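Quick notes on the structure that follows.
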Amino acid sequence: MVLREMTENSCLACVKALLMKKRTETNIDKLKNQRRLNVEEQIAVKKNQIFSEAKYWRINGIPQPLRQIFLEKGVDIDKSIIIEYEQNFHGISTDEGIILTPHAEFFKFDVDLNSDKTELIELYSLTNISVKFEINEHKKGIGKTYGFLAMKVLRELNNE
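Its first residue numbered 6, the sequence shown is counted upward by one per residue in our numbering.
Following this line, the structure appears as structure tokens:
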């Protein structure tokens with residue numbers, strides 16, 4: 006009897022969580038279309054953008070040459086998140102972006118890959134830009150900083 010109640014409560018909790026997620030996604034979509042947002046709404050939209058980008062690259066993976074570059078640098082790519090990534094950037098290099106490691110290091114990368122994304126043509130830069138990101142939960146006027154939100158998304162995706 007106790008086990009059955011626990012199972013029913015667990016199922017109920019799952020349903021509630023799914024409904025809340027659905028509501029949150031709907032709310033984020035509505036917020037994106039508004040002109041004026043308060044600080045909490047701005048933070049929610051920004052966090053959703055970071056989460057969407059990170060989740061996309063977690064699911065779809067990054068090109069193998071780029072993955073190899075990170076592994077050679079000692080970056081645990083499976084525990085890191087891509088927070089920005091532009092592919093086929095015209096006029097400059099093919100791929101550039103920013104990765105956040107589990108050690109709270111932000112790396113900016115700039116590489117040229119072949120059109121199939123299977124070979125590295127040239128590594129222009131792989132720079133630790135962590136000093137450019139402030140990780141602060143309570144900053145006057147903006148609330149949570151971009152760096153703090155990125156770290157929060159990283160922990161969520163790593164189930165920490």
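No residue lacks a Cβ here, since even glycine has one placed at the ideal position from N, Cα and C.
This structure is a prediction, so every number in the text was calculated from the model and none was measured.
Given residue i, which residues of its chain have a CB within under 7 Å of its CB, disregarding the five upstream and five downstream residues?
i       : result
Gln-69  : Thr-123
Lys-21  : The predicted position of Lys-21 is uncertain, since its pLDDT is 45 and thus under 50; a value taken from the coordinates is nonetheless stated next. Closer than 7 Å at the Cβ level, and outside the excluded window around Lys-21, lies no residue.
Phe-153 : Ile-140, Asn-141, Glu-142
Leu-128 : Ile-74, Val-116
Skipping 5 residues on each side, what residues in its chain have a beta carbon closer than 6 Å to that of residue i?
i       : result
Ile-48  : Gly-148, Lys-149
Lys-158 : Before going further, note that residue 158 is Val rather than Lys in the sequence given. Within the same chain, Val-158 has close Cβ partners Ile-55, Phe-56, Ala-59.
For residue i, which of helix, strand or coil comes out of DSSP?
i       : result
Lys-84  : coil
Lys-145 : coil
Ser-120 : coil
Phe-114 : strand
For residue i, collect the residues of the same chain with a Cβ closer than 8 Å to its Cβ; drop the 5 residues on either side in sequence, then sort them by chain order.
i      : result
Glu-91 : Asp-100, Glu-101, Gly-102
Check the DSSP bridge columns for residue i and list the partner residues they point to.
i       : result
Gln-92  : Asp-100
Leu-128 : Val-116
Asn-163 : DSSP, once it has assigned bridges, lists no residue as partnering Asn-163.
Leu-154 : Paired residues: none, contrary to the question.
What is the residue span of the alpha helix (DSSP H) that residue i lies within?
i      : result
Asn-65 : 44-65
Arg-72 : 69-77
How would you write the range of the beta strand (DSSP E) that residue i sits in, first residue to last?
i       : result
Glu-139 : From DSSP, Glu-139 is part of no beta strand (DSSP E); its letter is neither H nor E.
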